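Just below is one structure, and these are the notes that go with it.
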Amino acid sequence: MKKYFLSTVFSSLFSLIFFCATFFLSLVSTTLLAQQDAQFSQYMFNTLYFNPATAGSNADYTTMGVFHRSQWVNYSPTFDDGGAPSSQVGFVSMPLNRINSGVGLHIANDIIGPLSSTEIQISYSYHFNLKNKDRISLGLRGGMYNQRIDFSQYRPNDENDPRIPSTGVENQFQPDLAVGLYYQSVKGYYVGISTNHLLQSKFDYSTGVNITSLKPHIYLMGGSSFDVSPSLMLQPSAILKFTSGALSYEGSILLNYDETYFGGISARASNNLDAGILILGVNMLENKDLRITYSLDLVTSGQDAKQPTSHEISIGYRLPSPKPKVLPTIRTPRFRF
125 MKKYFLSTVF SSLFSLIFFC ATFFLSLVST TLLAQQDAQF SQYMFNTLYF
175 NPATAGSNAD YTTMGVFHRS QWVNYSPTFD DGGAPSSQVG FVSMPLNRIN
225 SGVGLHIAND IIGPLSSTEI QISYSYHFNL KNKDRISLGL RGGMYNQRID
275 FSQYRPNDEN DPRIPSTGVE NQFQPDLAVG LYYQSVKGYY VGISTNHLLQ
325 SKFDYSTGVN ITSLKPHIYL MGGSSFDVSP SLMLQPSAIL KFTSGALSYE
375 GSILLNYDET YFGGISARAS NNLDAGILIL GVNMLENKDL RITYSLDLVT
425 SGQDAKQPTS HEISIGYRLP SPKPKVLPTI RTPRFRF
């Protein structure tokens, strides 16, 4: 009875939140806006960043990882030096099997020209084990979001506006909130939906001018894993990203050999094909607990304003987690961690 009550409360709460977020996005301006969150080609290994409900989704292991992305390498801006986007994220995801839950922590940093963003977020998920041993997880995430702006690189519409300084660096912190839903099947596939920046925090850097604000993003992700031979495994996955009229999506296919070597291709698109991506990786150590992955993006659109290549590298590690007396077996597709 208690479990049914908790299930009803959680389901009602998240249904309401998702409805409100979707309704808001249907009302806001449809002007094409850029995605504000950092972009990672290796999204299939970085699900906690996109969906808090994936916290502790691997019941057998505590997983952790770090990612670094250098975008448009050798890009030269019109003004000043540098300017090529750069993104980093580190995460830890741990199952709490005795209470059917999971917790996660991630720290992300994103630099785009004069604007830098850093977030520290804590995720909690509750897992509902179904009769067929599939699992549905509901997740909630909260944390702090910091934005820094270097006004010496900022180009306002009105350069004579006295409220906007011409030099100096300003910082501002705001709270942030996200929710997510995640489904795992024992047949080897998963699907999840999440929305973040629900508080729509605004940043004015004490200027009295709303220079930037966080727009809610909706993420829909899915993937699968199935054997094509005793030593070969095929792992397709996809992610769709939407915010305020801006829609982009990625799809990838990885081939895993003997759970040791893997590689594949991916594509990113919005209105047109934006990039083709090559992904290569290896699982190391005795139990394949260490993963190293490299990806190369080849930009196919807007090359006049960009450089044609972006690089991303990640390192992941997993530790065995204590198991309860009775634990449903969930085959994680994958993307081992």
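All letters in the sequence shown, in the order written, are residues 125 to 461 by our numbering. Quick reminder that beta carbons are idealized off the backbone N, C-alpha and C, glycines included. None of the values given here were measured: they were computed from a predicted structure.
Between the CA atoms of residue j and residue i - distance to the nearest angstrom
i: F174; j: Y343; result: 7 Å
i: S390; j: E436; result: 13 Å
i: I273; j: S337; result: 13 Å
i: G189; j: Q245; result: 15 Å
i: S325; j: T384; result: 43 Å
i: G237; j: S210; result: 9 Å
i: I223; j: D382; result: 34 Å
i: L364; j: M345; result: 6 Å
i: Y185; j: F327; result: 38 Å
i: S353; j: Q277; result: 55 Å
i: L172; j: F215; result: 8 Å
i: I401; j: G347; result: 17 Å
i: Q359; j: Y313; result: 9 Å
i: Q296; j: A179; result: 28 Å
i: V315; j: A177; result: 11 Å
i: I231; j: L262; result: 21 Å
i: G375; j: N270; result: 30 Å
i: L378; j: L239; result: 34 Å
i: G228; j: K311; result: 25 Å
i: W196; j: S372; result: 18 Å
i: V133; j: I235; result: Because the pLDDT of V133 is 42, which lies under 50, any placement of that residue in the model is unreliable, and the question is left without a value.
i: F252; j: R442; result: 23 Å
i: N380; j: F275; result: 47 Å
i: P446; j: A183; result: 9 Å
i: I403; j: A208; result: 21 Å
Identity of the residue in the options nearest residue i by Cα
i: N395; options: L379, A370, S241; result: A370
i: A393; options: M357, G189, A362; result: A362
i: S241; options: G228, R222, Q298; result: Q298
i: S425; options: N170, D398, K339; result: D398
i: D258; options: S309, Q359, F275; result: S309
i: V213; options: H192, W196, Y373; result: H192
i: S368; options: F252, N320, L378, D413; result: N320
i: Y248; options: L404, T433, S217; result: S217
i: Y329; options: S438, V293, F366; result: V293
i: S181; options: S194, Y307, A208; result: Y307
i: E243; options: G387, Q160, P432; result: Q160
i: F366; options: D413, N221, S318; result: S318
Neighbour-count burial assignment, residue i, 16 or more Cβ in a 10 Å radius
i: M408; result: exposed
i: F350; result: exposed
i: K339; result: buried
i: L356; result: exposed
i: L305; result: buried
i: G226; result: buried
i: L112; result: Nothing about residue 112 can be read from this structure; the chain reaches only from 125 to 461.
i: G462; result: This structure cannot speak to residue 462, because the chain is shown only from 125 to 461.
i: E410; result: exposed
i: L422; result: exposed
i: P219; result: buried
i: N256; result: exposed
i: P444; result: exposed
Cutoff 8 Å: residue i Cβ touching any chain C Cβ
i: S419; result: Of the protein chains in the structure, only one exists, and it is not chain C.
beta-carbon residue i near the ligand SAH non-hydrogen atom, thresh 7 Å
i: I260; result: As for the ligand SAH, it is missing from this structure, which has no ligand bound.
Three Cβ pairs or more, each shorter than 8 Å: is that satisfied between the region 400 to 419 and the region 157 to 172?
yes
Give a yes or no on contact between the region 252 to 267 and the region 299 to 306, applying the rule of three or more CB pairs nearer than 8 Å.
yes
Could you tell me which whole beta strand (DSSP E) segments of length 3 or greater appear in the region 328 to 379?
341 to 348, 356 to 367
Would you list, in sequence order, the uninterrupted alpha helix (DSSP H) runs of no fewer than 4 residues that lie entirely inside the region 400 to 444?
none
Within the region 291 to 326, ranges of the beta strand (DSSP E) (whole runs, at least 3 residues)
293 to 308, 313 to 320
Please specify which runs of the beta strand (DSSP E), each continuous and at least 3 residues long, are wholly inside the region 214 to 278, giving them in chain order.
225 to 236, 239 to 253, 259 to 274
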